[in-house]
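Start counting at 1 in the sequence shown, then tack on 77, and there's your number in my numbering. Where is the CB? At the ideal position from N, CA and C, for every residue including glycine.
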Amino acid sequence: MRTRALLLAVAAALAASPVASGADLPMTLDEARARALARNPEVRLERQSVAISDSAVERAKGAYDVSFKADARYRDRTDPVNSVLSGAPSGEVGPATYGGLGNVSLSKLLPTGGAVSLFSSIGRERTNNTFGLLTPSYTTSLGLEVRQPLLANRAIDPARKGLSIARIDRSRSLASLARVAAETVAAVERAYWTLSAAASDVEARASAVALAERQRDDVAARIEAGTQSEADAAAPVAELERRKGELLAAREALSRAENGLKSLLTDDPADPVWEARVVPGDVPAEEPEPAVDLASALAEARAERPEVAEAAARLERVAVEEKAARDRVLPQLDVVAGLTARGLSGSQNPDAISPFPGGVVVPEELQGSLGRSYGTLFEGRFPDASIGLSFALPIGNRVAKADAAIAASQREQASISAAATRLKVEVEVRNAAVALATARQRVEAARASRRAAEVLLEAESERFEAGVTTSFFVLTRQNDLTAARIAETAALADSRKALVEWARARGALLADRGIRIEDDAPASKPAGGSR
78 MRTRALLLAV AAALAASPVA SGADLPMTLD EARARALARN PEVRLERQSV
128 AISDSAVERA KGAYDVSFKA DARYRDRTDP VNSVLSGAPS GEVGPATYGG
178 LGNVSLSKLL PTGGAVSLFS SIGRERTNNT FGLLTPSYTT SLGLEVRQPL
228 LANRAIDPAR KGLSIARIDR SRSLASLARV AAETVAAVER AYWTLSAAAS
278 DVEARASAVA LAERQRDDVA ARIEAGTQSE ADAAAPVAEL ERRKGELLAA
328 REALSRAENG LKSLLTDDPA DPVWEARVVP GDVPAEEPEP AVDLASALAE
378 ARAERPEVAE AAARLERVAV EEKAARDRVL PQLDVVAGLT ARGLSGSQNP
428 DAISPFPGGV VVPEELQGSL GRSYGTLFEG RFPDASIGLS FALPIGNRVA
478 KADAAIAASQ REQASISAAA TRLKVEVEVR NAAVALATAR QRVEAARASR
528 RAAEVLLEAE SERFEAGVTT SFFVLTRQND LTAARIAETA ALADSRKALV
578 EWARARGALL ADRGIRIEDD APASKPAGGS R
């Protein structure tokens, strides 16, 4: 199958082809389908819906992006201490401390509904507190914390709900695009065969006018030769004018059919195609009757019809929403575990005053700069491990309970709607099967009627030439033949439309035409012939 790039290339070629005002624009059915899929506004809108849903999926995935946070600050503070043991230098109320502190952290949501964060800090401080051991001092830390829900948010949480719904909406958008593409292709093919039949109708009416003119001239010659009376001239003239009126009506119907097809081919009122005369390049020739296996067709429709896929996606969406609503009824119970390693180093405070005999000696492993602080951190000298539970329960929790009840009702609604859609699809398949069989019978009947009308006209013309009948009966046989030809063309066109509906009802129209939904656009390749 051809890709979307090929479809766009075909559309670009069609757009680049100049169309002179009032000129004939020959168009095959394949070209009409490709033009409609590239330019029809409904198809273009659905493509954008798919693009939006793609972005929505990426947005939902963003909930699991790693979050990086960093902050740094300088601090200079003096603490007022109402105590003789304030540690402040002589003559001052409180000790002064100044220095810098930096923090960095990485956090991420987990697919289980929990969260994990990794954090680290670094600081340097100087103090004139006489009770301080180190100045300057260097503090470091490195920690990990994990939070995992055990009740609410364990089965589903807002992030998982958002991602599930975004993916379901994308599937529904693709199904909607397939549905609109199939409807567009079916509408184009029906309009194409209507135009083809209307063109044949005009040809048949024009041929009838020519026959009436010839009959009028023949009668006039006979009157001039004296073999017929003057009164015999009225009937051919009246019939000629009547047929001219029918020809005008047929031309109007042709224009309407042409405009109907054009409206499916473009959304631009300034498109040159509006000024051209679309000439169908394919004729509604009879094709071998497909085998109609109703049971297989019904199964195929249930599996392939985009309407069924859309309904299933809607049902799946409300099921996710119901699951999330039921989850919110549960109390919040999380297990929280953390492990932090800390480091400390610095230089002994020269102004330190020890209230103990012998003074205080800073351990050698703490003496040093920032590197020594990291050394004590990785040596695990100052660990901090914790594990616990966090519980929360809204008393009554009426909002969550009401949301759960609403979601359950909405799921039931979606289930009923999905069943109705499946029934509608099955009815369409059954109707399409009946219409297909009837259309074939109509073609056979119309063909037999046209052949009989040809024989009767030929016989009546021979009798007229022999002088044993009047022009009235010849004109009547001509009318019968014209009507039979029009009926045969209409039956053939209706037969092709029935084939289109049979494929659409089964959900096989796009596949039969070599059209595939790829990402955000339908891709097309010409199907053999004019199917």
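Practice task
Determine the DSSP secondary structure at Thr515, reduced to helix, strand or coil.
Solution key: In the three-state scheme derived from DSSP, where H, G and I count as helix and E and B as strand, Thr515 is classed as helix.
Exercise for the section: Measure from the alpha carbon of Leu210 to the alpha carbon of each residue in Leu106, Gly473, Pro427, then state which is nearest. Expected result: Comparing alpha carbon positions, the residue from Leu106, Gly473, Pro427 closest to Leu210 is Pro427.
Problem - C-beta contact flag for Leu338 and Ala109 at 8 Å - result: Yes, the Cβ-Cβ distance between Leu338 and Ala109 is below 8 Å.
Practice task
Might you give, ordered along the chain, the residues of its own chain that have their beta carbon closer than 6 Å to the beta carbon of Asp597, omitting 5 neighbours on each side?
Solution key: A caution first: Asp597 carries a pLDDT of 45, below 50, which makes its placement in the model unreliable, though a value can still be read off. Correct list, in chain order: Arg124, Val127, Ala128.
Problem - Whole-angstrom distance between Ala516 and Ser548, CA atom to CA atom - result: When rounded, the distance between both Cα atoms is 35 Å.
Exercise for the section: Give a yes or no on whether the C-beta atoms belonging to Ala285 and Thr498 are separated by under 8 Å. Expected result: Judged by their CB atoms, Ala285 and Thr498 are not nearer to each other than the 8 Å cut-off.
Handout entry: Where Ala475 sits in the DSSP three-state scheme
Key = For the sequence presented, residue 475 should be read as Arg rather than Ala. Here Arg475 sits in helix by DSSP.
Practice task
Keeping to the same chain, check which residues put their C-beta closer than 7 Å to that of Trp351; ignore five residues upstream and five downstream.
Solution key: Apart from the 5 residues on each side of it in sequence, Trp351 sits with its Cβ closer than 7 Å to the Cβ of Lys339 in its chain, given in chain order.
Handout entry: Arg394 beta carbon less than 8 Å from that of Ile563
Key = Going by C-beta atoms, Ile563 is not nearer than 8 Å to Arg394.
Exercise for the section: Check whether the segment 111–122 touches the segment 367–384, counting contact only when three or more Cβ pairs, one atom from each stretch, lie closer than 8 Å. Expected result: Remark: fewer than three beta-carbon pairs, one from each stretch, lie closer than 8 Å, so the segment 111–122 and the segment 367–384 are not flagged as touching.
Practice task
Give the secondary structure of Pro357 by DSSP, where H, G and I count as helix, E and B as strand, and everything else as coil.
Solution key: Strand.
Handout entry: Option nearest Ala522 by Cα separation, candidates Glu565, Glu318, Ser130
Key = Nearest C-alpha to Ala522: Glu565.
Exercise for the section: Return the first residue and the last residue of the alpha helix (DSSP H) that Pro172 is part of. Expected result: Unbroken run through Pro172: none, as it is neither H nor E.
Handout entry: Spatial neighbours of Trp579 in its chain, beta-carbon cut-off 6 Å, leaving aside the 5 residues before and after
Key = Once the five neighbours on either side are set aside, the close Cβ partners of Trp579 are Ala509, Leu513.
Practice task
Tell me whether Pro594 sits in a helix, a strand or coil according to DSSP, three-state version.
Solution key: Reading off the sequence shown, one finds Ile at residue 594, where the question assumed Pro. Here Ile594 sits in strand by DSSP.
Handout entry: DSSP-derived helix/strand/coil call for Met78
Key = Residue placement at Met78 is poorly supported in this model, since its pLDDT is 37, which falls under 50; the coordinates still yield a value, given next. In the structure shown, Met78 sits in coil (DSSP, three-state: anything other than H, G, I, E or B).
Problem - Minimum length 3: unbroken beta strand (DSSP E) runs contained in the segment 176–233 - result: The qualifying runs are 192–204, 211–226.
Practice task
Could you tell me which of Gln425, Arg282, Asp101 sits nearest to Gln555, measuring between CA atoms?
Solution key: Of the candidates Gln425, Arg282, Asp101, the one whose C-alpha sits nearest the C-alpha of Gln555 is Arg282.
Practice task
Take Thr343 as the anchor and find which of Glu119, Asn205, Leu587, Gly584 has the nearest alpha-carbon.
Solution key: That would be Glu119, whose Cα lies nearest to the Cα of Thr343.
Practice task
Report the partner residues of Ala111 according to the DSSP bridge assignment.
Solution key: As computed with DSSP, Ala111 is found in no beta bridge at all.
Exercise for the section: Please name the residue or residues paired with Lys146 in a DSSP beta bridge. Expected result: BP columns for Lys146 point to Ser182.
Handout entry: Closest residue to Val506 among Gln490, Pro213, Arg299, Leu586 (Cα-Cα distance)
Key = It is Leu586.
Problem - Burial state of Ala274 (16 or more Cβ within 10 Å) - result: By the neighbour-count rule (16 or more Cβ atoms within 10 Å), Ala274 is buried.
Handout entry: Min CB distance Asp234 to chain C below 8 Å
Key = Judged by its chain identifiers, the structure shown contains no chain C, having just a single protein chain.
Problem - Buried versus exposed call for Ala89 [16 or more other C-beta atoms within 10 Å across all chains shown] - result: Because the pLDDT at Ala89 is just 41, under 50, the model does not fix this residue reliably, and the value given afterwards should be weighed accordingly. Ala89 comes out exposed.
Practice task
Tell me whether Glu387 is buried or exposed, calling it buried when 16 or more other Cβ atoms sit within 10 Å of its Cβ.
Solution key: Residue burial is scored here from C-beta neighbours: Glu387 has at least 16 other C-beta atoms within 10 angstroms and is therefore classed as buried.
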